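Its first residue numbered 1, the sequence shown is counted upward by one per residue in UniProt numbering.
The C-beta atom is built at its ideal place from N, Cα and C for all residues, glycine as well.
Predicted model only: the values in this text are computed from it and were never measured.
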Amino acid sequence: MFGTAHTEWEVAEHQTRMKNREPRSHTEIAKYSSDITIVQEEICAWTGGDKMSSIPSDHQVFPFSFILPETCPPSFVRSYGQISYYVKAELDQPWKFNGTDRKAFRDMPHLDLNLVLFGNYPATQSASKDIGLIFKKDP
């Protein structure tokens, strides 16, 4: 299981210099980026035990589970960065290329509305608009 955060941004720097008594200006764009690992955990979903073990041919299912730490931020995707989580399965095949597969998943934080002030009240909304007209009937 992997969780990563990536962000990137640009900063434009305007510079003016004098050349032959005339101002010359140009803009330099500095690009910045950063990647961090939020969580990285490895588990063995199946092992054969001895060197002669093999996975039988046919469709195989290897159940596994994991728990994300509560400090993990929720999944997030915007133009300036992202926080993403995925699981990666690798089948180790001696004397062959290893088979791999990767599936992304979203981390959504648990929100207990019982702990939020007015969290157990229904959401309501109302709107009004004063149009400034008065209707009057002539006598």
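At the C-beta level, residue 107 and residue 3 come within 9 Å of one another. With 16 or more other Cβ atoms from the protein chains shown falling within 10 Å of its own Cβ, residue 85 counts as buried.
Contact between residue 13 and residue 33 is ruled out by a C-beta separation of about 17 Å, above the 8 Å threshold. Residue range 81-91 is occupied by the beta strand (DSSP E) that includes residue 85.
Restricted to the UniProt domain "Arrestin-like N-terminal" (3-114), the beta strand (DSSP E) segments that are unbroken, complete and at least 3 residues in length are 22-40, 76-78, 81-91 and 99-105, listed in chain order. Beyond the five residues adjoining it in sequence on each side, residue 73 comes within less than 6 Å, by CB distance, of 83 in the same chain, given in chain order. Between the alpha carbons of residue 67 and residue 15 lies a distance of about 51 Å.
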